[in-house]
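Undergrad: First the structure, then my questions, so here it is.
Here it is as structure tokens:
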């Protein structure tokens with residue numbers, strides 16, 4: 164039986180899809196059972212029946228997209244836009260609201276501009292990190308991208324989810340300089356200096372005049388981004404990578420205090436990610452090679468992993484980018500600071516312009532880290548749980564202990580760590596599972612639900628959430644009776660009165676769906 | 164005859180003011196003739212009769228402010244919020260719409276928090292740069308502020324106007340981390356991680372979950388900021404200041420190419436401002452000491468100023484902040500780069516932690532630069548005209564020539580320069596005048612009107628505008644029939660249906676005023 168969107172009959176859906184087929188062509192409307200399955204969450208547990216798309220439709224151009232939005236309004240059909248749908252661990256291609264039609268933008272994949280003078284590119288949503296990297300290398304352009312650990316996805320999509328990377332340009336959403344957006348009505352808008360036709364500074368100044376809208380279209384359902392301006396980093400003279408190990412769990416306290424200080428002072432200018440041995444082991448092996456006893460993998464086994472890979476309980480790398488003598492000066496400061504706490508030495512490696520790139524260079528897209536989903540064997544998947552913390556080792560260590568205890572309690576192998584930005588730390592937790600093991604995936608979902616609550620009680624919340632947890636995370640943002648949610652709803656209702664664009668994204672529901680959800 | 168707001172009778176105004184007096188006390192409602200005059204644009208030409216406030220009212224607390232907003236809604240009384248009203252050159256204390264009541268927030272002046280661990284402060288709008296500096300020095304806190312050249316105003320207000328300073332924290336609006344806002348209804352909202360009660364990361368992560376609102380309350384009329392979280396810079400080990408002169412106007416071309424490159428590569432990590440000899444002369448002398456002939460001060464006289472002060476046609480300083488050896492490494496790179504174009508040497512000076520601060524240290528508030536308004540004698544004033552350019556010396560030089568030609572044409576002394584951010588350059592133009600000289604001020608206004616048009620034709624627009632030019636600047640943002648303005652109006656109508664908050668700010672007019680303005 165075909166799925167239908169909430170409050171829509173099968174016949175109504177068919178009429179809407181037929182109208183859309185007249186815009187994009189019948190072969191770009193995907194409504195068969197196989198199609199619907201392919202647009203479900205690639206990492207979704209197989210027994211779950213939530214987040215099921217009714218169909219998918221793939222426009223090729225902004226004009227086609229605008230026409231689809233107008234049709235969606237006429238038919239009151241909810242659409243769920245995806246760039247390339249590789250938001251793995253957070254729901255992938257699937258919608259929050261079952262019965263939404265996925266608006267697949269992956270055919271809109273033009274690299275519209277790469278400007279070496281402005282160190283800038285203008286992209287459509289379908290451009291992947293690999294596409295852009297290919298373009299830069301084919302044309303020998305001296306520009307570096309910042310890529311996430313799993314670079315399979317869309318450059319635009321990742322920045323719109325506040326994803327991160329490991330160069331000085333690693334705060335991807337901060338690199339946005341101007342958007343073109345199709346509003347839910349289908350109307351086209353440009354932000355920043357792009358709001359002036361022919362403005363020459365649109366690659367250079369983010370804000371335009373008056374209120375600035377870019378971040379309103381990030382992690383939201385106020386419009387569909389059709390073009391994104393993004394700053395790229397001029398190729399540096401040199402990089403210096405400094406790898407370090409911490410032997411004991413509680414070493415996290417002094418190390419994060421120190422790394423936070425070095426980040427605040429801009430001695431380190433790129434994200435530092437610190438993780439446990441299981442992170443390394445899961446890239447090269449499967450769980451069955453290490454442990455087949457009950458419950459989560461014990462610490463003693465994790466120490467075996469550490470020994471095998473020559474890493475500490477915690478391992479991290481600091482990366483410096485720029486002129487070699489400046490990197491060296493900063494490196495001396497880092498080493499002197501660490502030397503007060505540890506006799507270990509950094510493992511250093513240098514790259515200079517003109518040399519071949521090192522293996523695992525962080526500006527090169529890779530899907531290597533996806534190997535981890537094979538940890539349990541079978542059809543692997545994962546989910547992310549990512550609260551934001553201020554800098555500070557004590558708070559992070561307490562969060563680690565608290566969270567690890569839940570992993571142990573739920574019998575799930577602990578895979579967590581911290582990514583240090585200039586001003587904050589993300590406690591990144593990856594929950595690995597075999598999608599076809601019902602007990603395991605049920606435990607995973609229950610644990611994440613518990614972690615959201617634990618973490619709120621400890622005074623933190625998440626910056627990003629899987630579809631199934633968007634409402635729960637939005638619920639934690641409770642100041643003044645969820646004033647932020649109510650404000651977002653007010654704007655949502657004004658921009659999308661028919662409630663057709665991504666209902667439920669980040670917990671923002673259009674008016675017509677709100678009666679059946681919470682009443683705040 | 165007392166002024167009344169558009170569409171409001173004197174009796175209605177009196178009733179509204181009486182209701183407000185019951186909230187704040189009669190002595191905090193300023194409705195006498197003297198009061199109204201004191202809230203006009205301090206730099207406004209004396210013959211002009213626009214931007215006249217009907218009265219002013221000064222709440223002491225957020226609760227009083229919320230009550231005033233509710234009264235404004237009941238009585239449909241337009242309010243114009245000011246932090247301390249020192250937005251000199253852009254309109255100061257005055258409203259766009261004559262007859263608005265100024266909402267003076269300067270009594271809300273608590274420094275609510277200064278956190279040395281998070282390098283952060285939480286401020287009310289009435290806190291001045293001097294207040295905060297006093298607090299930091301009195302308490303010997305190792306935190307540096309970034310202050311604008313004229314630091315007489317409010318820290319919060321400046322960031323809400325996208326003002327800048329000269330430390331690495333000089334992009335003030337980017338240092339905002341969380342706001343508390345009273346919406347036009349009077350309802351209270353917190354943004355970012357502050358949207359969760361008791362969240363411990365609200366000093367550290369800007370964005371929260373879902374769409375991020377902070378920049379929606381900047382240069383806008385969607386809400387009144389009652390608290391602002393702001394990042395402060397940890398006191399650096401050292402600073403290195405490098406002063407340089409360029410002899411000829413066209414030296415701007417290679418110098419801005421080079422400075423832009425050095426900024427993009429983060430060799431220089433703070434704003435560099437480059438200006439002409441008249442900028443220096445106006446700080447120490449008056450026009451009458453140099454020239455009393457017809458028209459604008461001729462270039463030959465400007466060269467005399469250069470000679471007297473030992474500056475070039477252009478003068479600028481590069482400032483490096485951080486560890487001394489890193490500053491030295493960056494300084495060597497800068498000197499090598501400049502050495503390819505000029506045999507001149509930088510004049511360098513170093514400060515190290517523990518030493519007394521140098522004169523004109525850029526983290527110390529000052530009003531010294533206001534001396535310039537005395538240039539013409541009499542009651543001096545100025546207005547700012549500030550288009551945004553991409554990096555690049557040719558474009559900047561063309562903008563300089565084009566703009567200077569207009570100054571010469573209108574008989575106004577050229578006072579212009581460029582401030583280089585990491586990715587863009589602001590062409591800062593200051594129009595100095597004697598407020599009581601009608602011919603001079605009329606020419607100034609006509610010239611700015613012309614400059615807005617010239618500049619739009621050249622492909623640039625402004626990031627900030629004087630009250631009298633907000634509509635004109637908003638008009639240049641014309642992509643898709645002013646889609647951005649229409650979007651802002653949609654949100655404005657949703658958040659402020661009675662149209663009581665800062666009508667006309669950044670060209671955003673509430674519905675009830677739109678019929679009498681342009682129809683787009």
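Residue numbers (this note's numbering), protein chains in the order written: chain H, 164 to 683; chain R, 164 to 683. From the three backbone atoms N, C-alpha and C, an ideal C-beta is built for every residue, glycine too.
Specify the secondary structure class of residue 472 (chain R) as computed by DSSP and reduced to three states.
TA: Taking the second chain and counting its residues from 1, one reaches residue 472 (chain R) at position 309. Helix, per DSSP.
Undergrad: Output yes if chain H places a C-beta closer than 8 Å to the C-beta of residue 427 (chain R); else output no.
TA: What you label residue 427 (chain R) is simply residue 264 of the second chain in a count that begins at 1. By this cut-off, residue 427 (chain R) is an interface position.
Undergrad: With three or more C-beta pairs closer than 8 Å as the rule, is the segment 543 to 563 of chain H touching the segment 580 to 600 of chain H?
TA: Yes, they touch.
Undergrad: Does residue 632 (chain H) come out as helix, strand or coil in the three-state DSSP assignment?
TA: In the first chain, counting from the first residue as 1, residue 632 (chain H) sits at position 469. The answer is helix: DSSP assigns residue 632 (chain H) an H, G or I state.
Undergrad: So, at 6 Å on beta carbons, what are the nonlocal neighbours of residue 225 (chain H) in its own chain, with the 5 sequence-adjacent residues on each side left out?
TA: By 1-based counting over the first chain, the position of residue 225 (chain H) is 62. The residues are 389.
Undergrad: Distance, Cα to Cα, residue 505 (chain R) vs residue 439 (chain R)?
TA: By 1-based counting over the second chain, the position of residue 505 (chain R) is 342. By 1-based counting over the second chain, the position of residue 439 (chain R) is 276. Each residue's alpha carbon lies about 18 Å from the other.
Undergrad: Strictly under 8 Å for the Cβ-Cβ distance: is residue 670 (chain R) near chain H by that measure?
TA: Taking the second chain and counting its residues from 1, the one referred to as residue 670 (chain R) is at position 507. Output row for residue 670 (chain R): interface = yes.
Undergrad: Determine whether the Cβ of residue 385 (chain H) lies closer than 8 Å to any Cβ atom of chain R.
TA: Translated into positions along the first chain, residue 385 (chain H) becomes position 222. True, the Cβ-Cβ gap to chain R drops below 8 Å.
Undergrad: Within 8 Å (strictly less), CB to CB, does residue 683 (chain H) reach chain R?
TA: One-based indexing of the first chain puts residue 683 (chain H) at position 520. Any answer about residue 683 (chain H) is weak, because its pLDDT of 37 lies below 50 and its placement is not dependable; what the coordinates show is given next. No, no contact with chain R.
Undergrad: Mapping the DSSP letters down to three states, classify residue 417 (chain H) as helix, strand or coil.
TA: Counted from its first residue, the first chain places residue 417 (chain H) at position 254. Note: residue 417 (chain H) maps to helix in three-state DSSP.
Undergrad: Is it right to say residue 447 (chain R) is buried, meaning 16 or more other beta carbons lie within 10 angstroms of its own, or is it exposed?
TA: Sequence index remark: in the second chain, residue 447 (chain R) carries index 284 (1-based). Residue 447 (chain R) should be labelled exposed.
Undergrad: Does the beta carbon of residue 641 (chain R) come closer than 8 Å to any beta carbon on chain H?
TA: Taking the second chain and counting its residues from 1, the one referred to as residue 641 (chain R) is at position 478. True, the Cβ-Cβ gap to chain H drops below 8 Å.
Undergrad: Under 8 Å, do residue 314 (chain R) and residue 528 (chain R) count as touching if we go by C-beta distance?
TA: Numbered from its first residue, the second chain carries residue 314 (chain R) at position 151. Numbered from its first residue, the second chain carries residue 528 (chain R) at position 365. Yes; because the gap between Cβ atoms is below 8 Å, this pair is in contact.
Undergrad: Should the segment 256 to 274 of chain H be regarded as contacting the segment 216 to 231 of chain H, the criterion being three or more beta carbon pairs within less than 8 Å?
TA: The segment 256 to 274 of chain H, when compared against the segment 216 to 231 of chain H, does touch it at the 8 Å Cβ threshold.
Undergrad: Is the segment 296 to 304 of chain R touching the segment 252 to 270 of chain R, taking contact as three or more C-beta pairs under 8 Å?
TA: Cβ pair count under 8 Å is below three, so no.
Undergrad: So the alpha helix (DSSP H) residue 602 (chain R) belongs to, where does it begin and stop?
TA: Position 439 of the second chain holds residue 602 (chain R). Segment 601 to 621, the alpha helix (DSSP H) holding residue 602 (chain R).
Undergrad: Count the other CB atoms, across all protein chains shown, that sit within 10 Å of the CB of residue 616 (chain R); report buried if there are 16 or more and exposed otherwise.
TA: Indexing the second chain from 1 puts residue 616 (chain R) at position 453. Exposed, because fewer than 16 other Cβ atoms sit within 10 Å of the Cβ of residue 616 (chain R).
Undergrad: Measuring straight from C-alpha to C-alpha, what distance separates residue 208 (chain H) and residue 631 (chain H)?
TA: Position 45 of the first chain, counted from the start, is the residue given in the question as residue 208 (chain H). Position 468 of the first chain, counted from the start, is the residue given in the question as residue 631 (chain H). Each residue's Cα considered, the two are about 12 Å apart.
Undergrad: Take residue 230 (chain H) and list the residues in its own chain whose beta-carbon comes closer than 6 Å to its own, dropping the five residues that flank it on each side.
TA: Along the first chain, read from residue 1 onward, the residue named residue 230 (chain H) stands at position 67. Around residue 230 (chain H): 186.
Undergrad: Starting from the C-beta of residue 344 (chain R), find all residues in its chain whose C-beta is less than 6 Å away, skip the five residues before and the five after it, and write them out in chain order.
TA: Translated into positions along the second chain, residue 344 (chain R) becomes position 181. Taken in chain order, the residues that qualify are 352, 380, 386, 388.
Undergrad: Quick one: give me the first and last residue of the beta strand (DSSP E) that residue 406 (chain H) is part of.
TA: Here residue 406 (chain H) corresponds to residue number 243 of the first chain, with the count starting at 1. 401 to 409 is the extent of the beta strand (DSSP E) around residue 406 (chain H).
Undergrad: What residues of chain R sit near residue 394 (chain H), judged by a beta carbon separation below 8 Å?
TA: The sequence position of residue 394 (chain H) within the first chain is 231, counting from 1. Ordered by position in chain R, the residues that pass the 8 Å Cβ test against residue 394 (chain H) are 586.
Undergrad: What ranges does the alpha helix (DSSP H) occupy inside the segment 487 to 531 of chain R, keeping only unbroken runs of at least 4 residues that lie completely in it?
TA: Listed in chain order, they are 487 to 502.
Undergrad: Is the separation between the beta-carbon of residue 398 (chain R) and that of residue 521 (chain R) shorter than 8 Å?
TA: As a position in the second chain, residue 398 (chain R) is number 235, starting the count at 1. As a position in the second chain, residue 521 (chain R) is number 358, starting the count at 1. Cβ atoms of residue 398 (chain R) and residue 521 (chain R): not closer than 8 Å.
Undergrad: Taking the DSSP output, what are the residues bridged to residue 684 (chain H)?
TA: For chain H, the structure presents residues 164 to 683; residue 684 (chain H) sits outside this window and is missing.
Undergrad: When DSSP builds the beta bridges, which residues end up paired with residue 544 (chain H)?
TA: Taking the first residue of the first chain as 1, we reach residue 544 (chain H) at position 381. Answer by DSSP bridge pairing, in chain order: H:596.
Undergrad: With 16 other CB atoms within 10 Å as the buried threshold, where does residue 310 (chain R) fall?
TA: As a working mapping, residue 310 (chain R) is identified with position 147 in the second chain. So residue 310 (chain R) counts as buried.
Undergrad: For a test of the three-state rule: what should DSSP assign to residue 260 (chain R), helix, strand or coil?
TA: Against the second chain, residue 260 (chain R) aligns to sequence position 97. In this structure, residue 260 (chain R) counts as coil in the three-state DSSP scheme.
Undergrad: Express the C-alpha separation of residue 189 (chain H) and residue 181 (chain H) in angstroms, rounding to a whole number.
TA: The sequence position of residue 181 (chain H) within the first chain is 18, counting from 1. The sequence position of residue 189 (chain H) within the first chain is 26, counting from 1. Distance between the alpha carbons of residue 181 (chain H) and residue 189 (chain H) is about 8 Å.
Undergrad: Kindly identify the DSSP beta-bridge partner or partners of residue 590 (chain H).
TA: Counted from its first residue, the first chain places residue 590 (chain H) at position 427. According to DSSP, which records beta bridges pairwise, residue 590 (chain H) is partnered with H:581.
Undergrad: Can you give me the Cβ contacts of residue 430 (chain H) inside the same chain, cut-off strictly under 7 Å, excluding the 5 residues immediately before and after it?
TA: To locate residue 430 (chain H), count along the first chain from 1; it is residue 267. Hits under 7 Å: 493, 496, 497.
Undergrad: Identify, in the order they occur along the chain, each residue of the same chain with its Cβ nearer than 6 Å to the Cβ of residue 581 (chain R), setting aside the five sequence neighbours on each side.
TA: Position 418 of the second chain, counting from 1, holds the residue named residue 581 (chain R). Cβ within range, chain order: 437, 559, 588, 590.
Undergrad: Which same chain residues end up closer than 7 Å to residue 611 (chain R) when comparing Cβ atoms and leaving out the 5 residues on each side of it in sequence?
TA: Your numbering for residue 611 (chain R) matches position 448 in the second chain. Around residue 611 (chain R): 546, 548, 594, 632.
Undergrad: What are the boundary residues of the alpha helix (DSSP H) that includes residue 233 (chain R)?
TA: Counting from one through the second chain, the residue named residue 233 (chain R) turns up at place 70. From DSSP, the alpha helix (DSSP H) with residue 233 (chain R) extends over 225 to 238.
Undergrad: Cβ of residue 346 (chain H) within 8 Å of Cβ of residue 354 (chain H)?
TA: Mapped onto the first chain, residue 346 (chain H) falls at position 183. Mapped onto the first chain, residue 354 (chain H) falls at position 191. Contact: no.
Undergrad: What is the DSSP secondary structure of residue 345 (chain H), counted as helix, strand or coil?
TA: As a first step, residue 345 (chain H) must be located in the first chain, where it is residue number 182. Strand, per DSSP.
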